[in-house]
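>
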Amino acid sequence: MAKPIWRTSLNFGILGNNLRDKNGLFRKSVEELLYKKAINVLFNDEIFNDSLEIEKFAPQLDCVICIGGDGTFLYVARRFYRYKIPILGINHGNLGFLTNVERADTENAIDQILAGQYILEKRMMLEGSVYRNGKLLYKDTALNDIVIKNDINSKIIHVKTYYDNLLIDNYPGDGLIVCTPTGSTAYSLSCGGPIVDPNIDQIIITPICPHILFARSVVTSGDRTIRAIIDENEDFECVVKFDDKETFTLRGRDEIIYKKAESKVKIIAVAKVNFFDVLRYKLYSRG
905 MAKPIWRTSL NFGILGNNLR DKNGLFRKSV EELLYKKAIN VLFNDEIFND SLEIEKFAPQ
965 LDCVICIGGD GTFLYVARRF YRYKIPILGI NHGNLGFLTN VERADTENAI DQILAGQYIL
1025 EKRMMLEGSV YRNGKLLYKD TALNDIVIKN DINSKIIHVK TYYDNLLIDN YPGDGLIVCT
1085 PTGSTAYSLS CGGPIVDPNI DQIIITPICP HILFARSVVT SGDRTIRAII DENEDFECVV
1145 KFDDKETFTL RGRDEIIYKK AESKVKIIAV AKVNFFDVLR YKLYSRG
């Protein structure tokens, strides 16, 4: 269990999915609940945007409350993980792996946090850097996965993939997924990848619809570097996506280098529902 928060003045931020929370009604109710418990709200959806300087808030923040589904949580995690600010996910849709506190349990969850009755999970983040002719063009991070795929046309992509400097394979197919253990239950799983304990540091490599029979997922140490080269002519184009949000257009011969990010995302766990409960629900509901 974590230590109780005894500070006389606590500062939270609240971010949510406005498509799920119409007019921010639930978010406003959470704000009122926090004020009732003498917790300051430094920002919410009405003032937060991508240009907001998080550095100004980070030293004062004790927690960020994320209202929505796993997609919303991925966005919040990518914005705040490097500041080591704990994130509490409140579910506002289907049961999720990351947002597993139900709306009706919000007050109880906050009381548990204040009393120190919670677990702080530290999840690995994955960093991806795109190089063209040896020059860094783009760099971003993901909590779930970094995916190379062809959204531009239906041509096969050949992705030459390395473990450190050792060639794993040159995968012909629809693309390549490189994911964290947290992301092992997302896109990678639907492509035949393994389920990995989200609390360990590993990198999973899963080809998408490979045109070779023996291609399988590869699980590596999180301390290793993975390299992927688009083994096509320079006029060939495809994309790389970070958590299915940020997209960068790749060309033939571009190189993507993947490695464990320096910081981990901190996730507050207070719910009675655990990872395997959610996993069974997800698998059975999909049939």
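The sequence shown begins at 905 in the numbering used here and counts up one residue at a time.
Glycine is no exception: its CB is placed at the ideal position from the N, C-alpha and C atoms.
Quick one: what's T1110 bridged to in DSSP?
I1081
> What ranges does the alpha helix (DSSP H) occupy inside the segment 959–1033, keeping only unbroken runs of at least 4 residues that lie completely in it?
974–984, 1010–1019
> Quick check: the Cα distance between L1183 and N1048, rounded to an integer number of angstroms?
15 angstroms
> If we count the other Cβ atoms within 10 Å of its Cβ and call it buried at 16 or more, is F864 buried or exposed?
The structure shown does not extend to residue 864, since the chain spans only 905 to 1191, so no value can be given for it.
> Taking the straight line between their C-alpha atoms, what separation do you get for W910 and D1015?
The predicted model places W910 with a pLDDT of 45, which falls under 50 and marks its position as unreliable; any figure quoted below should be read in that light. So the two alpha carbons sit approximately 12 angstroms from each other.
> Per DSSP, what kind of secondary structure is L937 in: helix, strand or coil?
helix
> Between D949, L1018, D974, M1028, which lies nearest to E1166 when the distance is taken from Cα to Cα?
M1028
> Is the CB-CB distance between V1122 and I1109 below 8 angstroms?
yes
> Are the beta-carbon atoms of T1003 and C967 separated by less than 8 angstroms?
no
> Taking only the alpha-carbon atoms, compute the straight-line gap between D925 and G993 and give it to the nearest angstrom.
14 angstroms
> At a cut of 8 angstroms, does the segment 1079–1091 reach the segment 1043–1058 through at least three beta carbon pairs?
yes
> If we count the other Cβ atoms within 10 Å of its Cβ and call it buried at 16 or more, is I1172 buried or exposed?
buried
> Consult DSSP for T1065 and reduce its assignment to one of helix, strand or coil.
The answer is strand: DSSP assigns T1065 an E or B state.
> Would you list the residues sitting across from C1142 in a DSSP beta bridge?
L1154
> Please go through the same chain and pick out, in chain order, the residues whose beta-carbon is closer than 6 angstroms to the beta-carbon of K1039, but skip the five residues on each side of it.
none
> Going by beta carbon distance, what residues of the same chain come within less than 7 angstroms of T1153, once the five residues before and after it are set aside?
Here T1153 has E1141, V1143 as same chain residues with Cβ atoms under 7 angstroms from its own Cβ, once five neighbours each way along the sequence are excluded.
> Using only the heavy atoms of the ligand ZN, determine whether one of them is closer than 7 angstroms to the beta carbon of D1049.
The model on display carries no ligand, and the ligand ZN is accordingly not part of it.
> Please name the residue in K1064, A1019, L1187 whose C-alpha comes closest to that of L1093.
L1187
> Looking only at its chain, what residues have a beta carbon closer than 6 angstroms to the beta carbon of N921, apart from the 5 residues adjacent to it on each side?
G972, T976
> Going by DSSP, what residue range makes up the beta strand (DSSP E) through R1128?
Neither: R1128 is in no beta strand (DSSP E) and is coded neither H nor E.
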